[in-house]
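Chemist: Counting from 1, position 60 in the sequence shown corresponds to residue 60 in the UniProt record's numbering; the numbering is continuous, with no gaps.
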Amino acid sequence: MGTARIPLNIQKIDGTRFDDEADDLEVNYTAPNSEVVHVVEDLKWRAWPVRSGTYTATMTFDEVGFWNIKVRSKSDDSMLPAGSGILVKSATEAPDIGDAAPLSVTKTAPSDGNLRSITSAPSPDADLYAISFDEAVNTGKPTVISFSTPAYCQSGTCGPQTEVLSQLDEKHKGLANFIHVEIFDNPEEMLAAGDPSLGIESPVIHEWEFHTEPWTFVVDGEGIVAGRFEAFVTFDEIEEYLLPVLPSS
1 MGTARIPLNI QKIDGTRFDD EADDLEVNYT APNSEVVHVV EDLKWRAWPV
51 RSGTYTATMT FDEVGFWNIK VRSKSDDSML PAGSGILVKS ATEAPDIGDA
101 APLSVTKTAP SDGNLRSITS APSPDADLYA ISFDEAVNTG KPTVISFSTP
151 AYCQSGTCGP QTEVLSQLDE KHKGLANFIH VEIFDNPEEM LAAGDPSLGI
201 ESPVIHEWEF HTEPWTFVVD GEGIVAGRFE AFVTFDEIEE YLLPVLPSS
């Protein structure tokens with residue numbers, strides 16, 4: 001329960017997409033067994049570097065159960081509203097906004113410089129493996145930490161997500177820490193064998209308690225989660241949560 005960022009993939013019945021039409025769409029949601037309608041006030045279109053994009057909405061849930069979500073066109077009454085739903089649990093498993101982030105020891109670049117031993121990214125950015133997360137928190141600077149597996153991502157967005165992390169690092173270098181964590185503990189073995197079934201999940205994943213990928217978190221200088229994003233998240237959206245926790249110039 002609580003307030004959450006909800007990604008929405010909105011399509012017409014024939015499969016064509018409603019891309020970049022947030023002003024023409026109304027999204028509302030209702031609690032289980034309730035007729036009280038909550039209207040989303042901040043529906044936004046988030047363009048992705050690949051495969052179109054998605055909408056995001058902020059929703060507040062105060063009851064456990066299956067909440068109904070409806071979408072309608074404001075300008076075309078001939079279009080039937082669409083419906084979906086979301087299961088709300090009593091507590092989130094992954095760290096929530098306001099929670100202390102797990103002080104995980106994450107892998108850093110080995111002395112021989114072989115980044116392929118710690119990431120499946122085809123062209124790894126060494127800056128994303130320069131510091132362990134627990135050490136990053138101790139610097140007193142904010143940290144953006146992203147969990148993904150670029151070579152084996154089921155959603156196909158992990159590679160672009162890692163690129164977004166590098167772009168943020170380039171813009172805010174020295175003001176915050178940026179860390180990529182590979183989902184698998186043995187990416188080099190998997191790549192050498194060409195066999196994803198050999199993958200062993202990183203123990204860090206279990207410390208953060210999520211079961212999908214990618215996930216990205218903005219953590220402030222005191223180690224408190226300031227932003228959390230399930231699935232792909234754009235440069236601009238991460239920056240919306242990062243800028244308020246950056247040290248004052």
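Think of the CB as a built atom: it goes at the ideal place given N, C-alpha and C, for glycine as much as any other residue. This structure is a prediction, so every number in the text was calculated from the model and none was measured.
1. Evaluate H180 with the Cβ neighbour count: other Cβ atoms within 10 Å of its Cβ, from every protein chain shown; 16 or more gives buried, anything less gives exposed.
2. First and last residue of the alpha helix (DSSP H) that includes V164?
3. Mapping the DSSP letters down to three states, classify W45 as helix, strand or coil.
4. Let me confirm a value: N177 is counted as buried when at least 16 other C-beta atoms fall within 10 Å, else exposed. Which label applies?
5. Exposed or buried, what is K89 when buried is set at 16 or more other beta-carbons lying within 10 Å of its beta-carbon?
6. I'd like the ranges of any beta strand (DSSP E) spanning at least 3 consecutive residues and lying wholly in the region 90-151.
7. Looking at the strands, I want to know which residues DSSP matches up with A4.
8. Using the C-alpha atoms, what's the distance from S197 back to T106?
9. Exposed or buried, which one is P214 when buried takes at least 16 other CB atoms within 10 Å?
10. Are the beta-carbon atoms of R46 and T56 separated by less than 7 Å?
11. Cutting at 7 Å between CB atoms, please list the residues of its own chain near L43, excluding the five before and the five after it.
12. From residue 250 to Q161, what does the alpha carbon distance come to, in whole angstroms?
13. From this set, F18, G98, E230, T139, which residue's C-alpha is nearest F210's C-alpha?
14. Report the rounded CA-to-CA distance for I131 versus N33, giving the unit in angstroms.
15. Helix, strand or coil for I200 per DSSP?
16. I'd like to know whether the C-beta atoms of K74 and G83 end up nearer to each other than 7 Å.
17. What would DSSP say about F235, mapped onto helix, strand or coil?
18. Spatial neighbours of G53 within its chain, please: C-beta separation below 7 Å, excluding the five flanking residues on both sides.
19. Measuring alpha carbon to alpha carbon, tell me which of M1, L242, L243, L246 ends up nearest T92.
20. Looking only at C-alpha atoms, which of V64, F232, G223, T157 sits nearest to A100?
Modeler: On the basis of the data shown:
1. Within the sequence shown, numbered from 1, the residue matching residue 180 stands at position 180. Classification for H180: buried.
2. If you number the sequence shown from 1, residue 164 lands on position 164. Element bounds for V164: 158-171.
3. Mapped onto the sequence shown, residue 45 falls at position 45. Strand, per DSSP.
4. Indexing the sequence shown from 1 puts residue 177 at position 177. Classification of N177: buried, given that the 10 Å Cβ count is 16 or more.
5. As a first step, residue 89 must be located in the sequence shown, where it is residue number 89. So K89 ends up on the exposed side.
6. 143-148
7. The residue given as residue 4 occupies position 4 in the sequence shown. Answer is M59, bridged to A4.
8. Locating residue 106 in the sequence shown gives position 106, where the first residue counts as 1. Locating residue 197 in the sequence shown gives position 197, where the first residue counts as 1. Their backbone Cα atoms lie some 23 Å apart in a straight line.
9. For the purposes of this step, residue 214 is identified with residue 214 of the sequence shown, where counting begins at 1. Buried, since its Cβ has 16 or more Cβ neighbours within 10 Å.
10. Start at 1 with the first residue of the sequence shown, and residue 46 comes out as number 46. Start at 1 with the first residue of the sequence shown, and residue 56 comes out as number 56. For R46 and T56, yes; Cβs fall inside 7 Å.
11. Numbered from 1 along the sequence shown, position 43 holds the residue referred to as residue 43. Around L43: A22, L25, V27, Y55, A57.
12. In this structure the chain extends from 1 to 249, so residue 250 is not present and cannot be described.
13. In the sequence shown, residue 210 corresponds to position 210, counting from 1. Of the listed residues, the one whose Cα sits closest to F210 is E230.
14. Numbered from 1 along the sequence shown, position 131 holds the residue referred to as residue 131. Numbered from 1 along the sequence shown, position 33 holds the residue referred to as residue 33. Distance between the alpha carbons of I131 and N33: 49 Å.
15. One-based indexing of the sequence shown puts residue 200 at position 200. DSSP places I200 in the coil class of the three-state scheme, outside both helix and strand.
16. By 1-based counting over the sequence shown, the position of residue 74 is 74. By 1-based counting over the sequence shown, the position of residue 83 is 83. No.
17. Here residue 235 is taken as the residue at index 235 of the sequence shown, counted from 1. In the structure shown, F235 sits in a helix (DSSP, three-state: H, G or I).
18. For the purposes of this step, residue 53 is taken as residue 53 along the sequence shown, with counting starting at 1. D19, W45, R46, A47, listed in sequence order.
19. Walking along the sequence shown from the start, residue 92 turns up at place 92. It is M1.
20. As a position in the sequence shown, residue 100 is number 100, starting the count at 1. If we check each option's Cα against that of A100, G223 comes out closest.
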